[in-house]
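Here the protein sequences line up with chains A, B, C and D, keeping their order. Here the first sequence stands for residues 5 to 246, numbered as in my numbering. Here the second sequence stands for residues 69 to 376, numbered as in my numbering. Here the third sequence stands for residues 27 to 435, numbered as in my numbering. Here the fourth sequence stands for residues 16 to 303, numbered as in my numbering. Okay, structure first, notes after.
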Amino acid sequence: MTFLTIDKAVKQFGGLRAVDGVSLSLEAGEVLGLLGPNGSGKTTLLNLISGALPATSGRIALNGTVLTGRRPDQIARAGVARTFQLVRILPSLTLMENVMIPAVFGHRAHWGAAAETVARDALEAVGLGARAQGIAGDLLYLDQKRLELARALAAEPELLLLDEWLAGLNPTELQEGIELIRSLAGRGLGIIMVEHIMEAVRALCPRSAVMNSGRLIADGPTGDVLSDPAVIAAYLGEVEDA
Amino acid sequence: MIRIALPLAGLVLLALAPLALSDYGLGLLIGMAGYVTLASSWALFSGHTRYISLATVAFYGTGAYTVAVLNEALPYPLVLLAAGGIGAALALLVGLSTLRLAGVYFVIFTFGLAELVRQLITWYEVTITGTLGRYIFLDITPAQIYWQLLALAALTLALTAWMHRRPLGLALRVIGDDEVVAAHAGINLARVKLVAFTLSATIITLAGAIASPRWVYVEPAIVFNPTVSFLTVIMALLGGANRLWGPLLGAVPLFLLFEYLSVHFPDTYPIFLGALFIAVVFVLPEGVLAGLEKLRLRRRPTTREAKA
Amino acid sequence: MTYFTRRASLCAMTAALSVGLGLGMTTALTGPAHAADTVTIGYAVSKSGPSATGAGITTIPNYELWVKEVNAAGGLKMPDGSQRMIEVIEYDDRSSNQDLVRAIERLATQDKVDFILPPWGTGANLAIAPLMDRFGYPQLAVTSVTDMAPDFVKRWKRSFWMLGGGHDYAKGLAEVLAAAKAAGTFNGKVAMISVADGFGIDLVKGARPAFAEAGLELVMDETYPLGTSDFAALMSEAKASGAGAFVAFAYPPGSFGVTKTAQSMGYNPEVFYIGVGGAFPIYPGIADGKAEGVMSIGGVDGNSPAIQAYFEKHTAEIGTPPDSWASSITYASLEMLQQAIERVGLDHAALAEEFSTGTFETVLGTTKLEDNQLRDLWWVGQWQGDHFTAVNPADRAGATAPVIPKPEW
Amino acid sequence: MFLTILILGLVLGGTYALLALGLTLQYGIARIMNLAYGEVTLAAAFVLVALFKAIGLPPLLGTLLIVPAGYGAGWLLYTVMMRPLVARSGASGRLEVDSILATFGLLFLIQGLLLVAFGANFTSISYLDRGVNILGVSVALNRLIAFGVCVVAGGALTLALARTRWGMVMRAVALSPGSAPLVGIDVMRVARQGFALGTALAACAGASIAMVQTFSATDGVVYTMKALIIVIMGGVGNVPGALIAGFALGLVETFVVTTIDPGLTLAATFAIFLCVLLWRPQGLFGRG
């Protein structure tokens with residue numbers, strides 16, 4: 005049985021097909037880079053997987069469980085966690101509370117000490133363990149990103165969706181971030197990361213898929229994909245447009 | 069320890085208060101207990117989720133009306149039970165239909181709901197039963213009303229405190245901050261909101277039922293007075309709707325202030341009231357508790373760091 | 027909740043409770059330092075909220091007028107011949123019965139006033155009746171129309187109901203219409219609309235059987251919700267119904283809206299009857315000076331010198347004339363109080379007994395309660411000239427014959 | 016029958032629509048949920064009546080004076096009271112709640128002032144109260160005038176918003192207050208204009224109410240509620256939407272009164288309103 009199967013997923017916004025019949029599969033423990041120019045439908049695809057948007061048609065399944073047609077909270081409980089393109093923390097809650105939420109409501113549903121342990125571990129993992137009782141709204145940008153990642157980890161997910169999690173970091177922070185994700189990959193969870201920073205993709209993703217105008221135009225080992233003429237054309241097209 | 073002992077001691081003291089007070093003093097206590105219950109139960113749902121509900125009086129009035137209709141047919145405890153049941157059913161119905169609405173649409177919907185309930189009851193009474201205006205002749209003393217309200221208020225606070233420590237409370241806070249994150253963290257938005265809304269509305273309905281014998285004469289125009297909804301919101305927000313003791317802290321002083329103003333400035337009372345409201349919005353936008361906290365923070369700017 | 031918020035909570039709670047208690051204390055304990063040689067009279071009426079309009083027309087002006095007069099004359103006469111000035115304590119019930127109940131408790135137990143004057147409105151008077159009974163105060167409920175008065179009198183022995191019930195007014199109107207039908211001045215068909223509140227329903231319930239008994243045909247019978255402001259559709263329906271009598275058991279501003287709509291659409295039934303508001307002094311102005319012939323609830327004996335004098339002084343002191351229904355009765359209830367105090371003093375039981383059995387000279391003439399109710403009332407009045415003149419009961423002294431058909435607008 | 020419903024309904028709807036125009040501007044452009052809207056309307060009505068009674072100023076002429084006065088009052092109100100709230104809330108959603116609370120206080124304040132200044136009495140004037148025959152249906156002339164004022168004001172506003180540069184700026188702020196500054200729009204100034212214009216329209220509606228109806232100082236909430244219903248149904252900030260929703264409401268009420276049961280008029284209004292809210296929270300004519 006495949007870990008994650010995406011079969012002919014379609015998302016239609018009025019006259020626009022943001023995701024146009026994408027099929028993709030992922031093995032357990034695999035890290036996939038999802039690439040493509042702006043507006044190519046990457047984030048929309050993540051939204052279809054996490055349930056933030058309902059798919060117009062097609063089928064997405066995790067470990068044989070069909071995800072399409074279910075609510076985000078049901079999908080979360082099925083083992084999918086994500087970060088958002090624009091970082092979304094819960095500003096009025098403490099770091100600890102932020103991270104406890106998926107531990108409590110996620111697919112393992114801990115409460116009390118167990119939930120706290122999970123949350124603390126997740127905070128430790130991203131290096132925020134010492135500030136567990138601080139208010140999330142006071143954090144700096146990088147720490148907010150770390151917090152968001154910790155929150156995704158505390159769900160103890162099987163599949164982690166990272167939406168440009170590394171964007172906006174300075175070179176030092178970027179290295180830290182890459183190390184952090186690498187350590188996660190070592191834990192055996194499947195990761196799909198939407199990313200523009202090629203350095204990070206090369207470092208983290210053995211395999212990449214590229215989208216353009218809602219379609220999948222390449223899927224394979226990262227090095228091959230990046231040298232694919234169709235991919236280069238897609239990116240160059242974007243440069244010319246811009 | 070002290071966190072349980074202190075409120076308990078206060079509760080006992082308050083329960084004994086009617087023995088020492090004049091009827092008017094007792095009347096004040098009834099009013100306070102009533103509004104503390106309303107504000108606290110309102111905050112149970114709205115405080116954390118930030119869904120400002122103006123349907124308070126829809127449930128409050130429904131409770132009073134249930135008593136008015138049933139008080140001669142059923143024994144009093146059963147009447148209360150029926151009121152609670154009707155309130156819960158109504159809340160479920162409303163909750164199921166309003167979960168899609170957010171922000172100001174929810175506010176306006178709940179206000180419209182109160183009016184709709186009032187109009188429908190009026191129409192039903194006029195055309196079907198042919199009576200409008202019912203009498204409640206129950207042998208219940210003011211002290212008994214007070215004790216019931218006090219118990220309900222204590223129950224509401226206990227329930228709130230308990231919820232704060234349960235997943236439900238956490239879920240409500242998350243919903244208030246960011247519903248998208250809440251959903252992606254595995255929180256069933258619809259269920260959490262529905263449960264909290266129903267709990268809150270049931271308590272409000274009961275409060276209306278308990279307070280109703282003091283009115284004797286009940287008419288839709290009397291029991292569905294929208295001022296109740298507004299006062300509840302203001303009291304809860306003044307104290308700080310997302311704190312356990314916030315609504316109480318708003319309800320007690322505001323209630324006494326209203327009383328003071330209406331006693332001493334009967335002619336110009338609305339002007340004072342209005343000016344006060346505006347002042348609260350400008351000076352204490354997040355409630356008394358948050359205001360005090362900020363003050364302390366300013367004095368000791370390192371508190372938060374020290375805590376961490 | 028973290029340690030920190032808890033500290034803040036406790037702190038805030040202490041602060042708020044002390045402020046609250048402080049305020050509460052001043053509220054609760056600043057009882058009036060009333061001098062022994064005054065009579066304190068308290069009332070709680072609606073100075074704000076929806077009931078403020080009615081209270082502001084019928085109740086408050088009369089209270090103020092009476093107090094001013096009595097004090098100008100040296101105060102209330104006591105049985106021993108001494109005179110005591112009136113000191114007033116007034117509260118605003120904000121049109122809320124909860125606030126009203128509390129205000130009455132305050133008047134009775136905190137201010138310990140000598141006498142409590144009633145609030146405005148049926149519901150308000152009912153809400154305070156059990157309290158007044160418990161504290162032993164007599165209640166002269168004037169602005170309260172209820173068919174249950176006989177029951178209430180038994181339930182609350184010191185309550186007095188002075189404005190009759192819905193059935194009385196409906197029956198009076200039926201008599202007027204039946205007489206007109208017999209005289210051939212109108213076709214016997216009635217179009218009736220009513221407002222959906224306790225008052226409107228009471229009247230309609232009385233009117234349906236009363237009209238049937240009087241041989242009148244109801245060709246339209248509709249109820250509209252409180253708060254309706256547009257009557258164009260209802261009135262055009264009434265106009266089309268062919269009824270010779272139009273009856274609206276309405277409240278202001280509804281009764282005013284009905285009038286204006288009828289005028290603008292040129293609806294001229296032989297009988298045009300509206301509910302509360304028709305007897306208001308502002309009505310002729312609202313009817314654009316064409317109130318002549320309009321019938322409504324209440325009425326006064328316009329030829330009575332006492333009533334004329336009352337109208338004059340009300341106009342001089344308050345600035346507007348009183349309304350021609352409950353105002354004079356409100357004033358009369360105060361005169362009864364004044365005379366009762368002169369006879370028996372301020373003891374509540376003695377006062378109640380005196381109200382129950384005594385005979386009083388008031389603006390209404392010689393006034394005596396039957397079974398604790400004022401039954402000697404005018405049920406139907408009609409605008410004739412500058413006065414809203416009583417026309418029913420037709421056999422009561424001072425009644426004028428109704429003008430039917432009403433002149434066209 | 017049908018014709019009667021149509022004509023009476025449209026005329027009634029005209030007063031409703033006029034009432035709602037100001038609120039839709041205030042809420043749509045300035046983002047102020049003004050609960051004191053009805054009180055502002057009433058204040059204008061009282062002033063008009065006072066002018067009429069004191070110096071015999073004809074109401075139609077008075078309206079011409081009251082509308083600019085309303086604009087000035089709105090401008091002042093926004094500058095003194097709303098601006099700090101707007102500034103404080105920034106991009107967060109707090110303005111909505113803050114404005115509800117602050118204007119709720121304003122409601123009491125104005126009501127109290129009106130009670131003190133004009134008393135609790137019902138007030139009305141008789142002005143152009145005679146009937147006019149339209150296709151066999153008798154309609155009061157003053158209502159027709161209110162209807163005309165509504166059509167003129169609504170039409171002019173619709174045109175100005177759709178066709179002029181000023182209108183474009185207004186619409187830009189209504190649609191996206193966050194990005195309007197990016198194209199060089201002073202959002203605060205536009206919001207103030209919108210609020211002031213809304214107040215001017217409220218004053219205009221108040222003037223027409225004074226000509227048509229009997230009112231008292233405590234009636235404000237009724238007008239706020241009616242206006243609010245129409246604004247939500249028409250889509251917030253949507254002037255043609257408010258016009259259509261106002262007319263629709265007038266027609267529905269007249270229809271219910273005539274053919275179903277007058278007792279259900281208000282219930283029907285609220286039921287329709289709640290259905291619209293549930294079905295299309297952005298309003299019948301809002302962008303979805």
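Think of the CB as a built atom: it goes at the ideal place given N, C-alpha and C, for glycine as much as any other residue. No experiment lies behind these values; they were computed from the predicted model shown.
Would residue 17 of chain A pass as an interface residue toward chain B - the criterion being a Cβ-Cβ separation below 7 Å? The residue given as residue 17 of chain A occupies position 13 in the first sequence. Cβ-Cβ to chain B under 7 Å: no for residue 17 of chain A.
Please state if the CB of residue 218 of chain A and the CB of residue 23 of chain A are separated by a distance shorter than 7 Å. Within the first sequence, residue 23 of chain A is the residue found at index 19, counting from 1. Within the first sequence, residue 218 of chain A is the residue found at index 214, counting from 1. For residue 23 of chain A and residue 218 of chain A, yes; Cβs fall inside 7 Å.
Start and end of the alpha helix (DSSP H) containing residue 183 of chain A? The count along the first sequence starts at 1 and reaches residue 183 of chain A at position 179. Residues 175-189.
Helix, strand or coil: which one does DSSP assign to residue 204 of chain A? Within the first sequence, residue 204 of chain A is the residue found at index 200, counting from 1. It is helical.
Who are the near neighbours of residue 272 of chain D in its chain, counting only those whose CB is closer than 7 Å to its CB and skipping five residues on each side? Counted from its first residue, the fourth sequence places residue 272 of chain D at position 257. Correct list, in chain order: 280.
DSSP three-state call for residue 321 of chain B: helix, strand or coil? The residue you call residue 321 of chain B lines up with position 253 of the second sequence. In this structure, residue 321 of chain B counts as helix in the three-state DSSP scheme.
Looking at chain B, is there any beta carbon in it that lies within less than 7 Å of the beta carbon of residue 296 of chain D? Position 281 of the fourth sequence, counted from the first residue, corresponds to residue 296 of chain D. Taking Cβ atoms only, chain B reaches closer than 7 Å to residue 296 of chain D, which makes this a yes.
Mind checking residue 383 of chain C: buried by the 16 CB within 10 Å criterion, or exposed? Translated into the one-based positions of the third sequence, residue 383 of chain C becomes position 357. So residue 383 of chain C ends up on the exposed side.
Say whether chain B places a C-beta atom closer than 7 Å to the C-beta of residue 102 of chain D. Within the fourth sequence, the letter at position 87 stands for residue 102 of chain D. No, residue 102 of chain D does not count as interfacial toward chain B.
Checking 7 Å against the spacing of the C-beta atoms, do residue 212 of chain A and residue 37 of chain A come in under that value? Counting from one through the first sequence, the residue named residue 212 of chain A turns up at place 208. Counting from one through the first sequence, the residue named residue 37 of chain A turns up at place 33. Yes; because the gap between Cβ atoms is below 7 Å, this pair is in contact.
Any chain B beta carbon closer than 7 Å to residue 136 of chain C: Counted from its first residue, the third sequence places residue 136 of chain C at position 110. So, interface residue.
Can you find at least 3 beta carbon pairs, one from the region 327-336 of chain B and one from the region 216-234 of chain B, that sit closer than 8 Å? no
Go ahead and pull the three-state DSSP assignment for residue 137 of chain D. Counting from 1 along the fourth sequence, the entry for residue 137 of chain D is found at position 122. The answer is coil: DSSP assigns residue 137 of chain D none of H, G, I, E or B.
Within a Cβ cutoff of 8 Å, which residues of the same chain sit near residue 2 of chain A, ignoring the five residues on either side of it in sequence? The structure shown does not extend to residue 2 of chain A, since chain A spans only 5 to 246, so no value can be given for it.
State yes or no: is the beta carbon of residue 94 of chain D nearer than 7 Å to at least one beta carbon in chain C? Here residue 94 of chain D refers to the residue found at position 79 of the fourth sequence. No, because no Cβ of chain C sits closer than 7 Å to the Cβ of residue 94 of chain D.
Contact with chain D by residue 324 of chain C, beta-carbon distance below 7 Å: Taking the third sequence and counting its residues from 1, one reaches residue 324 of chain C at position 298. Chain D contact via Cβ: absent.
Can you check which of these residues, C:166, C:429, C:395, is closest to residue 210 of chain C by C-alpha distance? Here residue 210 of chain C refers to the residue found at position 184 of the third sequence. Nearest C-alpha to residue 210 of chain C: C:429.
Name the chain A residues that come within less than 7 Å of residue 129 of chain B, Cβ to Cβ? Numbered from 1 along the second sequence, position 61 holds the residue referred to as residue 129 of chain B. What residue 129 of chain B touches in chain A: nothing, since even the nearest Cβ is about 33 Å away.
For the 8 Å Cβ check, are there 3 or more pairs between the region 13-20 of chain A and the region 120-133 of chain A? no
Taking three-plus beta-carbon pairs below 8 Å as touching, is the region 243-254 of chain B in contact with the region 266-283 of chain B? no
So, using beta-carbon positions, are residue 56 of chain A and residue 156 of chain A closer together than 7 Å? Taking the first sequence and counting its residues from 1, one reaches residue 56 of chain A at position 52. Taking the first sequence and counting its residues from 1, one reaches residue 156 of chain A at position 152. In this structure, residue 156 of chain A does not lie closer than 7 Å to residue 56 of chain A by Cβ.
Compute the Euclidean distance between the alpha carbons of residue 375 of chain B and residue 138 of chain A, then round it to the nearest angstrom. Walking along the second sequence from the start, residue 375 of chain B turns up at place 307. Walking along the first sequence from the start, residue 138 of chain A turns up at place 134. Any reading at residue 375 of chain B must be qualified, since the residue scores a pLDDT of 37, below 50, and its modelled position is unreliable; the value itself is stated next. Approximately 8 Å between the Cα atoms of the pair.
Taking only three categories from DSSP, how would you classify residue 50 of chain C? Numbered from 1 along the third sequence, position 24 holds the residue referred to as residue 50 of chain C. With a pLDDT of 49 at residue 50 of chain C, under the threshold of 50, the predicted position of this residue should be treated as unreliable, though the coordinate-derived value follows. Three-state result, residue 50 of chain C: helix.
Should residue 17 of chain D go down as buried or exposed, given a rule of 16 or more other Cβ atoms within 10 Å for buried? Locating residue 17 of chain D in the fourth sequence gives position 2, counting from the first residue. Counting Cβ neighbours within 10 Å, residue 17 of chain D comes out exposed, since fewer than 16 surround it.
Does residue 290 of chain D pass the burial test, meaning 16 or more other C-beta atoms within 10 Å, or should it be called exposed? As a position in the fourth sequence, residue 290 of chain D is number 275, starting the count at 1. Looking at its Cβ environment, which holds fewer than 16 other Cβ atoms inside 10 Å, residue 290 of chain D is exposed.
May I ask you to report which of helix, strand or coil DSSP gives residue 291 of chain D? On the fourth sequence, position 276 is the one that residue 291 of chain D refers to. Helix at residue 291 of chain D.
Contained beta strand (DSSP E) runs [length at least 3] in the region 382-417 of chain C, N- to C-terminal order: 385-388, 391-394, 406-410
Answer with buried or exposed for residue 184 of chain C, where buried requires no fewer than 16 other C-beta atoms within 10 angstroms of its C-beta. Counting from one through the third sequence, the residue named residue 184 of chain C turns up at place 158. Flag for residue 184 of chain C reads buried.
Beta carbon of residue 223 of chain A, beta carbon of residue 50 of chain A: below 7 Å? Translated into positions along the first sequence, residue 223 of chain A becomes position 219. Translated into positions along the first sequence, residue 50 of chain A becomes position 46. No, these two residues do not count as a Cβ contact at 7 Å.
At a CB-CB cut-off below 7 Å, which residues of chain B make contact with residue 272 of chain D? To locate residue 272 of chain D, count along the fourth sequence from 1; it is residue 257. The contacting residues do not exist; residue 272 of chain D stays about 13 Å from chain B at best.
Taking the DSSP output, what are the residues bridged to residue 115 of chain C? Position 89 of the third sequence, counted from the first residue, corresponds to residue 115 of chain C. Answer is C:68.
Nearest residue (CA-CA) to residue 319 of chain C, options C:410, C:275, C:332, C:295: Stepping through the third sequence from its first residue, residue 319 of chain C is reached at position 293. Closest option to residue 319 of chain C, Cα to Cα, is C:410.
Determine the direct distance from the alpha carbon of residue 78 of chain C to that of residue 132 of chain D, and round the result to whole angstroms. If you number the fourth sequence from 1, residue 132 of chain D lands on position 117. If you number the third sequence from 1, residue 78 of chain C lands on position 52. C-alpha separation (whole angstroms): 14 Å.
Can you tell me whether residue 247 of chain A is helix, strand or coil according to DSSP? Because chain A is modelled from 5 through 246, residue 247 of chain A falls outside the range shown and cannot be assessed.
So, residue 252 of chain D versus residue 43 of chain D, is the Cβ gap smaller than 7 Å? What you label residue 252 of chain D is simply residue 237 of the fourth sequence in a count that begins at 1. What you label residue 43 of chain D is simply residue 28 of the fourth sequence in a count that begins at 1. Yes. Within cutoff.
At what residues does the alpha helix (DSSP H) containing residue 149 of chain D begin and finish? As a working mapping, residue 149 of chain D is identified with position 134 in the fourth sequence. Not the alpha helix (DSSP H): residue 149 of chain D falls in the beta strand (DSSP E), residues 146-149.
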